[in-house]
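Residue numbers for the sequence shown follow my numbering, beginning at -15 and rising by one. Backbone N, C-alpha and C define an ideal beta-carbon position, used for all residues, glycine too. Okay, so here's the structure we're looking at.
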Amino acid sequence: MLLSKLFIPITKDLPSDAKIKSHQLMLRTGMIRQSASGIYSWLPLGFKIMKKIELIVREEQNNIGAQEMLMPTIQSADIWKESGRYDDYGEEMLRIKDRQGREMLYGPTNEELITEIFRSSIKSYKSLPQMLYHIQWKFRDEVRPRFGVMRCREFFMKDAYSFDIDEESAKKSYNKMFYAYLKTFKRLGLEAIPMAADTGPIGGDLSHEFVILAETGESKIYTDKKIFEINLNKFQFNDTSLENMRKEFTSFYAVTDEKFNKGEFDKLVDKSNQIITKGIEVGHIFYFSDKYSKPLNCFVDSQDGNKNSVKMGSYGIGVSRLVGAIIEAKYNNDIMKWPKLISPFDIVIIPSISKNNKENLAKANKIYQDLKQQNVDALLDDVDENMSAKFKKHDLIGVPYQIIIGSKSQGDKFEFKEINGETKILSLKEIKDKIKN
Ligand code: ATP
Ligand code: MG
């Protein structure tokens, strides 16, 4: 892509409500544009990054055997009346009437709809367990939309649902998701801590929020430093190993303020290992048994000839929130740092250009074509601007690697810079090896 052709409306003017770094940087780099309170358009740069995050989320869901599908954004109110949540959900739900006066709503989540789909097609224990997911826009009329994409009204979410014949089997599904979440966040370059969350009237211990540490987070968190030392790679993908994995992670104290108890914290965690900071919730998994399947009459024949209510769990990841959350976790002095896997480009080529020197641009173009042929997604800064303005801009955009074609690049050796510091003089082959590994 040529920078001169890229639709990237970089701006210095920020609205007064852009209080946190991710919100500011996303607006400044033209990743998003607000269209109404808590509702954003995703412009090419932001969209590209979000799609890369979505891809990783999808791969890890597929890896544990969850199947992708797509449910609509607009739902009928009927199923929500069956579950009893039509009234309970309150003002966060956006309610709509169609031209026949039928009550509809913009889905804030999908437990009812997926249960309705399931009950109409699955009749026997033989078809269980199942895990289904989709990645779709949600709408919640939040009281205070804020922090850009972190707390929106319209946001992009992966939500998965598991269906099992009994609690024991449901636990295995839960463990698989627990594992998929840890893997997903790790690949995104994040350290997400699973934190015990409220299970409400259902009870039990199967509800976890995945929280990443960030000063700008909305929840206060309390955890044991040792939880970061667990090596996820040592667990295998089988029921016993995954059960051990969950037990190990949950053996460490890790809660948000909702569940915090100072006495307990001091008793269980050595002072020197106590971490008290803020965090951003990027995912939430929840086993809720037959909370929805019972009122919605979702039963299957069990092996002993009885009818069992299906035992369900739901599992969300805030895909659009993650874009902001990753910025919050990684930015440094106005320099955005995208992990390689989700960076909008693999590398940016920055030639020093002036009216009477087009040689660098020609050189840059050659490199650009060469990289393109090898499927390296490069951005070529072909804009006639001074180098310091260019560097500022690329610090802002945060592509992890730069090839700088100026006085230090000679012959077939080029100045190669990694966004967090190091500069080297390398041949094109060495550069390619570096970005490919
Ligand atoms: P929160 O406590 O932040 O409101 P929640 O408990 O309502 O979250 P869930 O219903 O579990 O969230 O949704 C799953 C995920 O969707 C959350 O972990 C979060 O990453 C994301 N999410 C929830 N609400 C929003 C929102 N208003 N804007 C952006 N992302 C959201
Ligand atoms: Mg909420």
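- Residue pairing by DSSP places ASP274 opposite no residue, since no beta bridge is assigned to it.
- Annotation: ILE387 to MET15 spans about 23 Å, alpha carbon to alpha carbon.
- A distance below 6 Å between beta-carbons, with the five flanking residues on each side excluded, links ILE(-8) to the following residues of its chain, in chain order: GLY14 and LEU29.
- In this structure, DSSP gives ILE106 a state outside helix and strand, which the three-state scheme calls coil.
- Shown here for LEU112: same chain residues with a beta carbon closer than 8 Å to its own, the five before and five after excluded, namely ILE106, PHE147, ASP148, ILE149, SER153, VAL284 and VAL294 in chain order.
- Around the CB of MET34, 16 or more other CB atoms lie within 10 Å, so the residue is classed as buried.
- Remark: the C-beta of SER304 is in contact range of the ligand ATP, defined as less than 7 Å to any heavy atom.
- Taking one beta carbon from each stretch, the stretch 360 to 370 and the stretch 322 to 333 have 3 or more pairs nearer than 8 Å; the two touch.
- DSSP places GLU126 in no beta strand (DSSP E); its state is neither H nor E.
- Nearest C-alpha to GLU242 among SER203, HIS268, GLU138 and ILE259: SER203.
- Within the model, the alpha-carbon separation for MET320 versus LEU412 is close to 25 Å.
- Looking at GLU44, THR183, PHE140 and VAL253, the one whose alpha-carbon comes closest to that of LYS160 is GLU44.
- DSSP places TYR165 inside the alpha helix (DSSP H), whose first and last residues are 151 to 171.
- A straight line joining the alpha-carbon of HIS192 with that of ALA181 spans about 5 Å.
- In this structure, DSSP gives LEU306 a helical state, which the three-state scheme calls helix.
- As for any alpha helix (DSSP H) of minimum length 4 sitting wholly inside the stretch 275 to 360, the runs are 303 to 314 and 343 to 357, ordered along the chain.
- The Cβ atoms of PHE169 and LYS210 lie no closer than 8 Å to each other.
- Boundaries of the alpha helix (DSSP H) harbouring GLN8: 5 to 12, taken from the DSSP string.
- No heavy atom of the ligand ATP is found nearer than 7 Å to the CB of HIS192.
- DSSP, read as helix, strand or coil, puts ARG42 in helix.
- Exclusion of the five residues before and after ASP208 leaves PHE236, TYR237, VAL253 and ASN257 as the residues of its chain whose Cβ lies within less than 6 Å of its Cβ.
- Measuring C-alpha to C-alpha distances from GLY395 to each of ALA348, PHE140, LYS5 and GLN357 identifies ALA348 as the nearest.
- Listed as beta-bridge partners of GLU96 by DSSP are no residues whatsoever.
- Per DSSP, MET141 is one residue of the beta strand (DSSP E) stretching across 138 to 148.
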